[in-house]
Structure formats: structure tokens, C-alpha cells
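Take a look at the structure set out below.
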């Protein structure tokens, strides 16, 4: 009996190693951008390591699809490494995104078990332009998250709110090559 | 087979002196015919016409003691001519030697000769006199290198069992101290002494220890580990279930807790039983300095054990399965430092663990003069050069180095730590952090299932009252250590205040 249990444990352990990915075989997604121009387009800003290994710089992947899940799948297919969403800090939504798509995006984020629970959502007029800023930190995504945190509004913009919690979508646009929060002008706060 | 039986001391246990002086002498001569250190000296007992022969081994016996205490006294004896000297007469009236023993058993005489004593055979006598003339060289009292302390006694055992027992006896000056002699090893006939305090050690424990020792059938006992491996519980367990020390004060302290000590001739390592899990984290110094200071060290040692066994596995699990649990900046650094490393995380972890084991083994075997050079080469080659060349990543190097460093802090658990580290790593590679939790729970179950002689391995952790835990994860001040451990069944002596 003892031998059977040991054998069972050994076999079950050897069958479970599928989740193992070396850190360098992963693309750490820092921000996801969603826009709808005919088809759904997703931008994934990842942390990429420079050839000299001393700097971390952003790299943006882009893919289109019918649903968020499909698009993420297409994004993954276009990358040489696994995309991991554990450290995704921001979801950048296009200002013209329909409410249905927004709901779909938020519902995907909530269902995805590895999605970062402190991720925030913001809106912008031009995702591609915003993501092409020169970041102060490793990526533009972390820059935006930093701005929200510094302004002490990251809690309001959090995707994972409690039941009935409403997400406050702040606008972040590119200004002088840096992401800039522009709610002050809009709301007069 | 017959030949083998003939050459063991035990095979002579029924053989006695014949009473024929020449026959007995030639019998001994034939036994030692190829031993160039064997010496026979015939001496005429002064005043009589009787001859006696001194049998001893050169180098084992003190030539001074043989010459001045025996030969000189026999030459100067004032006996009547018609007097027939007996071993008893010689012992009572002639020789100056302090310790004497009369025997007719050849086995006893052989043991005495081979342990440095001198045997006197007298003409026409069927018994002989054994005189203590031990004069072999021994190392002397030194501080054990592996059990050094900053404060407290600095003496250690040496290789002579009798002297080791005397060192313990000096600390326990009570008639309650018992020391039973056993002989072990078919060819080595090694002296093994079982020591305990009669009023504290349970009879069951003493009987169990002696029975297990008696069951050992081996050619020779050259170290106490020969016995330890044979008598311990859970023989294949990496956790120690029998204690070992080179310090008399440690043995005395163990005896005062109702344990049994096994002193083996030829080794400075004395065994103690039973052995509890909490003893792995104890050092003698804990008891010789303020309990507040001692508790810092003990807590660090427990942490070291956990870190040493589980840190590499947890790190691999976090970096390869649950990178989301790491802070973002740390994850980015990890990503940066892992880039272009050709070996997988688990591969580099295993590589570093074995590199450390190689360094440790090489360091232990190297001569003292090359030790320093070895550590420099090891540190530079394995550490700096390998990480600069991109063969291993710096975070993994730090984690494994920390883990290996921690294992040095708990030397008694080195085997357990090594195997646990590998098993935990394997489990973490398979199922991530779940593997760590599985291994740690199974390890706890296993530790709690171990027994050491009559006691539970986790005896001191069985109850959660202060007196049970007073010397486990922390050490209480001496005036609060009122009761002895649970395995000590002598209830009347539990209260040390009495």
C-alpha cells in the first residue's frame, strides 16, 4: 500500500509540471490597450530587456479579434514568449469604446485568474500614441499607474471593486512625450 | 570458519590457564608469534625458587610502571624459600601497582594485554594477576573543533574510553552514576561503556540500549557511528535519532535529563539516547550565557533550518509559477538578470547546490594550507565568474548561497536539510507553491511520527504548557527549568527544586 501511494504521488507530481515557465521565457505585460475600429484591437505593452541586460524597456504587441478572449489568444500567437498578466498595471480603454466592449473587457479581467487584482483602468484618445511615450519607469503602463497612485486616485480606478463598485475612468493622454492625467481640465477638480 | 573463531577474544572465554608454566607461556607465545610488540619477561620472585613471567605489549604498557612497580618489587620481595607465591599474595604483599585483578580466564588476560595491562603468570598457578600498567599515548584534552563555544567549558573527549568516562564522572560526582561495560566487535573487541544515572534513566531505556548494542555482530568498532547506525530508530531517516557529542559537559547534561550515554573506546564521539528533534537546534553555549542572548541564536538556527531546506524551492516556485506574487520591481529585476542564462531556473539551482556540496567536500578533505585558496577559488569561480559569464543568474546564486550558508548553522540537520532541499525543489518544480506546502506538511507528519528509543522525537512539542516548551524554540531562564523532559519517567525526580 505504501509503495502504491508513493508511486501515485510520484506519477501525479511528474504530470503537473506543465505550469513551469522560466522567468526569461515570459513577457510581463504592464498595460493592455483596447480599441474598437471595426474589429477589436488589443495592445499589450510588455517589459522587454535590452541586449545589454541592464535596462528594461517597453515593447508593444498588437492583435485583432472578435472577442477579448480571441484577441488575447491572437496576441499570444504572435509572441515568441508567454504573455503573463500578473503584473499588468493598467487597462487603457479607447475613449470611443462601446459600453458592451468595456463590460466584456472588465469581465475578462475579473475572470482571468492570473490577472493583477490592483490593476486600474483609464481611457485615452489615442492608445498607440500614448503607448509610444518615452517612459520614466520601465514602461508607459507603470508610468500611468504611478501617476494614478501619486494623485491618490488609483483606488477609484481599480478594476477589482467590490460588488456594486463603480470604476472611475480618468483620461490619460500623451503630452510632451509623457502620459499626462487630464481630469483636472475636464472635471475642474 | 574454525580459524576465524580461534582469532577472536570471545573464542577463549572458556579457556583457562593449565597450571603448567611453560605450556601456558608457549600458548601465549604462539598467539602473539607474529606480533613484534609482544614482550615476555621472566623474573624470579626474590626469596623463593619460583619464576613468574610478565606478559605485556611494548608501546601499550608503560615501561616505567613495568620496571619500577612490578619487576623492582618482585626482585625486592622478602618471601620464605619454601613459600609458594599466589597471584593474591603478589597483589597484597609485593607489587606496587594500584589496580590489580586475579583471573584464570585466557580471554580476560588477552584483553588486558591488548589494552596495555601487564599479566603475571606464576609457576604452578592456574590463575594470573592482571596489573594496570596502561601507558599508551593519547591526544589529551582539547576543545572539539566542531563544538566550539565562546563561554563555558572548553574540554573535549579524546580517544580513550576510560578517560572519557572519568571526564563525565568528574562532572557527576554521585554514586548514582552507573557505567556498564560491554565488548563489541569480533576482532576489535572494542570496549563500549553504557553510562546513566540510575535514579533518572528509565530501566526500559537502559535495557533497550544494551539489548540493541548486544545484537550488533560486526568485525570491528572503530567509531561510535558503527554503533549509532546499528541501534538508532528509523535507520534510513535523514533526521538524526541518536545524539553525538565530543563534550563531557553535554553528556553530563544529557545524563541529568535521564538519558543514556554510550562511550566507545577509540573515538572522542560519545552517543546519547534518546535524541529529540529540538536538540538539533541546541548548542552548549545556549546554557552558558544569558537566556535572552541564547534565544536569539536558537531562533536564528530554526529560521536557518527552514530557509536552508525550503528557500531554493520556494524561489523557483515563485519565479516560474507565481511570478505575480513577487513585487513588480523585483519581477523586472529577475527578468533582467535571467535574460540570456542558458540553463533553466531549476537547472541552475541544482547546479549551484551541487557546486556548493563539491566545495564543502573539497574544503573538508583539503589540507589546512590549501583551504583558504580553495575558498577563494570556489567563491570567485562559482560565484562571480559564473554569474558574469551568464551561466547562472545572480538572484539564484544569492538564494542558493543563503540556503547553503544557513545549512552550516544547523550541522546536525545537514543530511535532512540536503534531502529536504532537493525534494522540496522537485515538488516546487512540479506544482509550484503547492509543492512547498505539500512537502512541509508531509515533513511535519514524518517528524511527528519518529521515535527515538523510548521517547517521541517531538517529545518536547507534544504539550503546549510552559514546562514542556521551556527548552525548545526558546530557552527559559535556569530557575524556570523545573521539570525534566517527558520521556524521563522517574516522576519523583521530575522537580529539580527538590
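Protein chains in written order, with our numbering: chain L, 746 to 934; chain G, 662 to 1159. Every residue gets a Cβ at the ideal spot worked out from N, C-alpha and C, and that includes glycine.
From the listed residues G/733, G/679 and G/841, the smallest Cα separation to residue 782 of chain G is found for G/679. Distance check between residue 896 of chain L and each of L/800, L/837, L/921 and L/915 places L/915 closest, using alpha-carbon atoms only.
Counting only Cβ-Cβ distances below 9 Å, residue 883 of chain L has contacts in chain G at 989, 990 and 993, in chain order.
In the three-state reduction of the DSSP assignment, residue 734 of chain G falls in the helix class, which pools H, G and I. If you check the CB distance, residue 880 of chain G and residue 847 of chain G come in under 8 Å. Using a Cβ-Cβ cut-off of 8 Å, residue 794 of chain L counts as an interface residue toward chain G, since at least one Cβ of chain G sits closer than that to its own. For the stretch 855-877 of chain L, the set of positions with a beta-carbon nearer than 7 Å to some beta-carbon of chain G reads 859 and 861 in chain order.
Residue 823 of chain L is not bridged by DSSP to any residue.
In the structure shown, residue 820 of chain G falls within a coil segment according to DSSP collapsed to helix, strand and coil. Residue pairing for residue 786 of chain L: DSSP places it in a beta bridge opposite L/780 and L/809. Across the structure, residue 910 of chain G and residue 1053 of chain G are spaced so that their CA atoms are roughly 46 Å apart.
Around the Cβ of residue 954 of chain G, a 10 Å sphere holds fewer than 16 other Cβ atoms; the residue is exposed. When DSSP states are grouped into helix, strand and coil, residue 775 of chain G belongs to the helix group.
Here the alpha carbon of residue 1110 of chain G sits roughly 8 Å from the alpha carbon of residue 1118 of chain G. Residue 846 of chain G sits in coil when the DSSP states are folded into three classes, being neither helix nor strand.
Here the stretch 693-708 of chain G lies against the stretch 729-739 of chain G, with 3 or more beta-carbon pairs under 8 Å apart.
Within the stretch 990-1020 of chain G, 992, 993, 995, 996, 997, 999, 1000, 1001, 1002, 1005 and 1006 place their CB atoms closer than 7 Å to a CB of chain L, listed in sequence order. No residue range can be given for residue 1028 of chain G, since it is assigned to no alpha helix (DSSP H) and is classified by DSSP as neither H nor E. Only residues of its own chain outside the window of five on either side were considered, and among them 874, 875 and 878 have a CB closer than 6 Å to the CB of residue 919 of chain L, listed in chain order. Nearest C-alpha to residue 792 of chain G among G/786, G/1055, G/760 and G/1080: G/760. Closest in alpha carbon position to residue 875 of chain G, among G/863, G/1105, G/855 and G/1137, is G/855.
In the DSSP assignment, the residues bridged to residue 904 of chain G are G/933.
Per DSSP, the beta-bridge partners of residue 705 of chain G are G/712. Between the stretch 961-974 of chain G and the stretch 1058-1077 of chain G, the count of Cβ pairs shorter than 8 Å is three or higher; the stretches touch. Using a Cβ-Cβ cut-off of 8 Å, residue 771 of chain L is close to 984 and 996 of chain G, given in chain order. Under the Cβ criterion of 8 Å, residue 789 of chain L is not counted among the residues facing chain G. Nearest to residue 840 of chain L by alpha-carbon distance, out of L/790, L/750, L/867 and L/885, is L/867.
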